[in-house]
Amino acid sequence: MNTNLYHAMLDPFLTTINRMASYVPNFFAAFLLLLAGMFTARALRTLAEGMLSRARLDEHTSRVGINEVLTRLGMGKSPTYGVCFLIYWFVLFIFIVSAANAVNMTAVSEMLERFLLFMPRILAGVLILFGGLLFARFLSEVVRSASEANSIPGGGHMAQAIYVAVLVFAAITSLEQLGIETRLISSAVQIILASVGLALALAFGMGGRDVAAEAIRDVLKKR
Numbered sequence: 122m123n124t125n126l127y128h129a130m131l132d133p134f135l136t137t138i139n140r141m142a143s144y145v146p147n148f149f150a151a152f153l154l155l156l157a158g159m160f161t162a163r164a165l166r167t168l169a170e171g172m173l174s175r176a177r178l179d180e181h182t183s184r185v186g187i188n189e190v191l192t193r194l195g196m197g198k199s200p201t202y203g204v205c206f207l208i209y210w211f212v213l214f215i216f217i218v219s220a221a222n223a224v225n226m227t228a229v230s231e232m233l234e235r236f237l238l239f240m241p242r243i244l245a246g247v248l249i250l251f252g253g254l255l256f257a258r259f260l261s262e263v264v265r266s267a268s269e270a271n272s273i274p275g276g277g278h279m280a281q282a283i284y285v286a287v288l289v290f291a292a293i294t295s296l297e298q299l300g301i302e303t304r305l306i307s308s309a310v311q312i313i314l315a316s317v318g319l320a321l322a323l324a325f326g327m328g329g330r331d332v333a334a335e336a337i338r339d340v341l342k343k344r
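Numbering (this note's numbering), first residue to last: 122 to 344.
Below you can see the structure in the form of structure tokens.
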């Protein structure tokens, strides 16, 4: 009787200890993977920072206005910092996935793997939006400079409208890259732009009606 009671009390405890002991190597391996991941990520970040500094990335991006765009977006850090930040966390995420697999945390590892597979889309979307910002700024500056050089009134408003239009289309393209449905947004934007274009055409037509009539009279008189 006492022996049965002894085994009934001790066996669950021993089973728990054995299970915990069987997990120790896995947890130790996961710990080593995390340490290796942090070391590798920091090393690659330092290496990338040195290479980009020698290449003078920040100086080149500042000349084309990228640093100013980052500041307007609230990302006051330099492009070098942004690239190194992405490299660090991308490498570290790979090791975190391996550590989660080592301790049989399949749900966590699957979630992180999906995020890693989705990261290229995120990066592509950010690059598209960033390129759209630069292109919008370039076009608006061209329109503003041309209007000032030719003394065209309203050039500043036209440049701002072009900037917003290009930026909106860049944002829509970026969202499509992320797999977000944008057909309704695209249709709404097209309707708005068409309405604005029609309103401008009518305004110019009504405003230039007298000028056009005078020009036609001059042509008829010459004949």
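Don't be surprised by glycine CBs; every beta carbon is placed ideally from N, CA and C.
Residue 220 and residue 255 have their C-alpha atoms spaced approximately 40 Å apart.
The Cβ-Cβ distance between residue 158 and residue 216 falls below 7 Å. Where residue 219 is concerned, the enclosing alpha helix (DSSP H) starts and stops at 200–223.
Here DSSP, grouped into helix, strand and coil, assigns residue 169 to helix.
In this structure, the alpha-carbon of residue 286 lies about 22 Å from that of residue 188. Excluding residues up to 5 positions away in sequence, 249 lie with their Cβ nearer than 6 Å to the Cβ of residue 294 in the same chain. Residue range 178–184 is occupied by the alpha helix (DSSP H) that includes residue 184. The beta-carbon distance between residue 296 and residue 253, rounded to whole angstroms, is 12 Å. This is too long to meet the 8 Å contact definition. Pairing residue 175 with residue 225, the inter-Cα distance amounts to about 43 Å. With respect to residue 168, residue 201 sits apart: the two C-beta atoms are not nearer than 7 Å.
Here the C-alpha atom of residue 282 lies approximately 14 Å from the C-alpha atom of residue 268. Between the beta-carbon of residue 242 and that of residue 299 there is about 6 Å, and that keeps the pair under the 8 Å contact cut. For residue 182, same chain residues with a beta-carbon under 6 Å away, outside a window of 5 residues either side, are 188, 200 in chain order. Here residue 280 really is in contact with residue 261; their C-beta atoms are around 4 Å apart, less than 8 Å.
The C-alpha of residue 163 lies about 24 Å from the C-alpha of residue 232. By the 16-neighbour rule on beta-carbons within 10 angstroms, residue 263 is exposed. Per DSSP, reduced to three states, the secondary structure at residue 252 is helical. Residue state for residue 277 is assigned as helix, using DSSP reduced to three classes.
By the neighbour-count criterion, in which a residue is buried when 16 or more other Cβ atoms sit within 10 angstroms of its Cβ, residue 166 is buried.
When secondary structure is reduced to three states using DSSP, residue 300 falls in the coil class, being assigned neither helix nor strand. Between residue 237 and residue 214, the gap from beta carbon to beta carbon is short of 7 Å.
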